[in-house]
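This report concerns only the one structure given below.
Residue numbers (this note's numbering): 18 to 535.
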């Protein structure tokens, strides 16, 4: 058998089909293609180094995507400063939505859909699947319109990016899923369907290990100030140890409906982060807000609801058109249609709405629970709030605690295991003796810090402060701006998950950065 050709950049043997796939991308100029890892590194570098020009000036004006910006949606883990060591492994998330397709990002190479539940009628029925099965349920390959929304939310919460070789993965790509179908035979999502889904979760949560519930659906108007059946069902789930998150809605009014009105649900509003890492340019998305029946302020926080990468529904008319458009792209009419459909690749498009903000927050919770399985719903809520960034100029009643930061939330989750009760986990810490770096890693045998203060020459070793918690001796610094990275076991370079301030390293990766004033 002839050996596989090699990537012209990194030299790794790569399937020729994957090498050729690089030529799909308008920013790629090498005719011999490249492996997926090199394509991804180049894409991220392009987006970060040229983000202001491409995104602020072009993309934010009614979707006028040009050839480069057509691929310009930043992957969610990069936008949310995610810690790559925590991926929702061992956590089961239940998603109640309109309907679902068996998307490759959920079922390949290993099936992570544990159960499909039909809650649209009485009695509620379920189909169970193993990790080596190809799951099939009624309509799972039909590409019906009602499957579009649930397919997108489920992949946003737990997709592994299989169709993009891992680039457009979620924050919880190793989580397992329970999918609850809500659309009834008349094409409606009713209060009865939502209630049946929540009841099934309550009854089966222990059997399937459900720890997180994501709801991007809305019930009817609340009758009065009293809690309705859906809200009471949510309260029972939270009391049993399950964290429930719900989308706030997209009207931009002071008006919420169940399940977002339940006092114990974590209601997630929308954020327009302008597809950049610049916090000062953020603004709120037009999501709903208001008080629950008991006066609890809603939403608790906001998360990206614009420029979220989600899958094109496989087998749909859009999927067929996308394949043709990218095969023939280059002509002005092709580019205009790609822009109109908001396509990122033939397999993904960027979407908007708080329907996608809630799953992003739910995926963050799954990573937090992997990092610290002992977290209660109350602690999860508290840590999400403590780690959020206030959105500049936005009224508190509309943003809650501010914008979700997945990296900091997970960092607080692991520090909770060490009795940490400080106001923020961000490093470096400012001390009279200098900058102090800290990192949590239970499996590490060696941790070090490298930085620009000595031109990356000398490792600053971290010492085991207590099991899993490493800390470096203070580093005296002169005033100025610095970049750094963590190195785990002399093999893994890690961007500091507790520090949201980042810059490209010029080699296709990301450095953490900070400014030392004293």
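Every residue gets a Cβ at the ideal spot worked out from N, C-alpha and C, and that includes glycine.
Note that the structure is a prediction, hence the values are computed from the model and not measured.
Range covered by the beta strand (DSSP E) that runs through residue i
i: residue 327; result: 325-328
i: residue 531; result: 527-533
i: residue 447; result: 446-448
i: residue 287; result: 283-289
i: residue 511; result: 509-511
i: residue 48; result: That residue, residue 48, is in no beta strand (DSSP E); it is neither H nor E in DSSP.
Other residues of its chain near residue i: CB distance less than 8 Å, five sequence neighbours each side excluded
i: residue 172; result: 120, 122, 123, 187, 327 and 328
i: residue 74; result: The pLDDT assigned to residue 74 is 36, lower than 50, so where the model puts this residue is not dependable; a value taken from the coordinates is nonetheless given after this. There are no such residues.
i: residue 131; result: 109, 145, 146, 193, 194, 195 and 225
i: residue 152; result: 119, 124, 128, 130, 133, 144 and 146
i: residue 36; result: 22, 24, 49, 50, 51 and 52
i: residue 494; result: 451, 452, 470 and 533
i: residue 510; result: 502, 503, 504 and 526
i: residue 149; result: 127 and 128
i: residue 106; result: 191, 192 and 387
Identity of the residues DSSP links to residue i by a beta bridge
i: residue 465; result: 478 and 504
i: residue 299; result: None; residue 299 has no bridge partner.
i: residue 487; result: 456 and 481
i: residue 145; result: 132
i: residue 180; result: Bridge partners of residue 180: none, in fact.
i: residue 260; result: 229
i: residue 406; result: 420
i: residue 197; result: 113 and 134
i: residue 255; result: Bridge partners of residue 255: none, in fact.
i: residue 362; result: 365
i: residue 30; result: 23
i: residue 521; result: 527
i: residue 107; result: Per DSSP, none; premise fails for residue 107.
Boundaries of the alpha helix (DSSP H) in which residue i is found, first to last residue
i: residue 321; result: Where residue 321 is concerned, there is no enclosing alpha helix (DSSP H), although the beta strand (DSSP E) it sits in stretches over 318-321.
i: residue 206; result: Counting along the chain, residue 206 falls outside any alpha helix (DSSP H), and DSSP gives it neither H nor E.
i: residue 122; result: 121-124
i: residue 171; result: 164-175
i: residue 350; result: 349-357
i: residue 372; result: 371-388
i: residue 96; result: 93-96
i: residue 337; result: 334-344
Residues near residue i in its chain [Cβ-Cβ closer than 7 Å; skip 5 each side]
i: residue 29; result: 23 and 52
i: residue 141; result: 134, 135, 213 and 217
i: residue 227; result: 109, 111, 195, 218 and 259
i: residue 207; result: 201
i: residue 270; result: 305
i: residue 448; result: 491
i: residue 236; result: 208, 211, 247, 274, 275 and 276
i: residue 603; result: Here the chain has residues from 18 to 535 only, and residue 603 is not among them.
i: residue 26; result: 51 and 55
i: residue 31; result: 21, 22, 23, 24 and 52
i: residue 430; result: 385, 388, 389, 392 and 400
i: residue 345; result: 351
i: residue 427; result: 100, 103, 384, 385, 388 and 514
i: residue 254; result: 215, 218, 219, 230 and 261
i: residue 404; result: 422, 425, 426 and 429
Cutoff 6 Å; reference residue i; Cβ partners in own chain excluding five residues on either side
i: residue 268; result: 305
i: residue 190; result: 104 and 177
i: residue 33; result: 22
i: residue 485; result: 457 and 459
i: residue 5; result: Only positions 18 to 535 of the chain appear in this structure, which leaves residue 5 out of reach.
i: residue 512; result: 527 and 529
i: residue 40; result: 50
i: residue 167; result: 114, 115, 116 and 117
i: residue 378; result: 262, 285, 320 and 421
i: residue 473; result: 467
i: residue 215; result: 250
heavy atom of the ligand GDP below 7 Å from residue i C-beta
i: residue 121; result: Ligands displayed in this structure: none; no statement on the ligand GDP is therefore possible.
Whole-Å CB distance - residue i paired with residue j, under 8 Å assumed
i: residue 211; j: residue 155; result: Actually they do not touch by this definition, with Cβ atoms about 20 Å apart.
i: residue 90; j: residue 324; result: 5 Å
i: residue 481; j: residue 433; result: The pair is not a contact, with the Cβ atoms about 19 Å apart (cut-off 8 Å).
i: residue 137; j: residue 199; result: 6 Å
i: residue 531; j: residue 413; result: About 27 Å; that fails the 8 Å criterion.
i: residue 462; j: residue 522; result: About 25 Å separates the two Cβ atoms, so there is no contact after all.
i: residue 408; j: residue 342; result: Between residue 342 and residue 408 the Cβ distance is about 35 Å, and since that is not below 8 Å, they are no contact.
i: residue 314; j: residue 339; result: With a Cβ gap of about 41 Å, residue 314 and residue 339 do not count as contacting.
i: residue 185; j: residue 365; result: 6 Å
Minimum Cβ-Cβ distance from residue i to chain D less than 8 Å
i: residue 336; result: Any reference to chain D falls outside this structure, which holds one protein chain only.
* Check whether the segment 398-411 touches the segment 335-355, taking contact to mean three or more Cβ pairs, one atom from each stretch, closer than 8 Å. => no
* Asked: Just checking, does the segment 365-375 make contact with the segment 285-302 on the three C-beta pairs under 8 Å criterion?
  -> yes
* Pairing CB atoms from the segment 329-340 with CB atoms from the segment 154-172, are three or more of them under 8 Å? -> yes
* Tell me, please, whether the segment 314-328 touches the segment 407-422 by the rule of three or more beta-carbon pairs shorter than 8 Å. => yes
* Asked: Is there contact between the segment 511-520 and the segment 473-491, where contact requires at least three CB pairs shorter than 8 Å?
  -> no
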